[in-house]
Every structure is written in C-alpha cells, then in structure tokens.
C-alpha cells in the first residue's frame, strides 16, 4: 500500500523555526546595542541576551513607543520595563507620533531593518521580513537615524517607572498573559 503524503507543515519547523533573528549578533555585541521596536515584547532568549550584554558593559538602548495603535501590546511591553531597567537596559519612550520603526544596530556594524517585532508572534506566525547587513556605512547611517529619533524621546527611569498606578500594573500583567495573541 502506498504511503499518503504528509501534510505540509511549512518550511520552518523545529530548531530552525525557533532561531531568533539577530540573536547571535546580540550575544556577540562588544560596545553597543540600539534597538527601535514598535511592539517590544521580546521572548526570554532575547531578554537574556540583552541582560547579559548590559552586564558585560555593552551600552544597551531600546527605543519604544510612548503611545501605540495597539494598547494591549503597549501594556504587555510595559510589563517588562522594571526588569529591563534593573538589569541595565536603557529605555527611551518615543514621543513624536506613533513609532513604527523596527531596527537594530549592534556595534555600529551589524544592522537589521524590517517588519519583525521582537516577539514570539512575529517569530512563529506573522509573515515578517528583515534585512540584515554587516556594513560600517549602513551601520553609521542607521545609528545616526536612531540618535535623531532619541531627540524626540524621553528616557524612562526606574524611579519614575515604579510610581505607576496599581491599575496600570494590573493591565500590564493581563496584557502580558495575552502577549502570544497580540
């Protein structure tokens, strides 16, 4: 009896599917990591890479939106701020409109730009595309654009962050529990 063909489960499965874009670059950073992300809800492996980079003296800066077109995603992102700040990651809230940028620049050399939101939904389900480059000229240009965006942002401090209301903390925890579906 002939075997029936297996249902196609897609080209990305198993370990390949779980590989986080740019994780190797985050782990190898020596001087700086600059990320801009509209829906910053990174999975555990990215968070761990950022914490370890900050611990070894890498300047880690993340530009996040102050306002978002997806409020639940913003609340889910906020749930991570306390730990990120305590572990040495600097956060900047973009104040000029809605941030849609999704960029990464590591050591002003390794770059990524595209539609990938640093979250599990983008990694496993959404159709996303990023362009990665290792180029000093492109790295410098993207770094300069990041610096320009920082001019329209305010730094989020741990002291300020810990003063948010109980209601906000409840919303953050609820949204974070739903992060996979956001």
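In this note's numbering, the protein residues as written are 518 to 699. Where a beta carbon is used, it is the ideal one built from N, C-alpha and C, also for glycine.
C-alpha distance - residue i paired with residue j, whole-angstrom precision
i	j	result
residue 614	residue 586	10 Å
residue 582	residue 554	8 Å
residue 589	residue 692	5 Å
residue 559	residue 635	5 Å
residue 556	residue 646	15 Å
residue 698	residue 673	26 Å
residue 526	residue 633	With a pLDDT of 48 at residue 526, under the threshold of 50, the predicted position of this residue should be treated as unreliable, though the coordinate-derived value follows. Each residue's alpha carbon lies about 21 Å from the other.
residue 678	residue 686	11 Å
residue 669	residue 612	6 Å
residue 584	residue 604	24 Å
residue 608	residue 675	10 Å
residue 651	residue 620	14 Å
residue 574	residue 653	21 Å
residue 684	residue 606	25 Å
residue 657	residue 665	12 Å
residue 661	residue 580	14 Å
Sequence-distant residues of its chain with Cβ nearer than 6 Å to residue i (five each side left out)
i	result
residue 655	628
residue 551	578, 622 and 663
residue 542	623 and 627
residue 576	549
residue 544	566
residue 591	585
residue 694	none
Nonlocal neighbours in the same chain, by C-beta distance under 7 Å from residue i, ignoring five residues either side
i	result
residue 624	546, 547, 548 and 549
residue 690	596
residue 688	592
Integer Cβ distance of residue i from residue j, believed to fall under 8 Å
i	j	result
residue 649	residue 539	7 Å
residue 610	residue 671	6 Å
residue 630	residue 659	7 Å
residue 696	residue 593	4 Å
Are three or more beta carbon pairs between the stretch 593-607 and the stretch 560-567 nearer than 8 Å?
yes
Hey, which unbroken runs of the beta strand (DSSP E) at 3 residues or more fall wholly within the stretch 529-606?
549-554 and 576-582
Mind pulling the beta strand (DSSP E) runs of 3 or more residues that sit fully within the stretch 622-689?
627-631, 647-651 and 670-673
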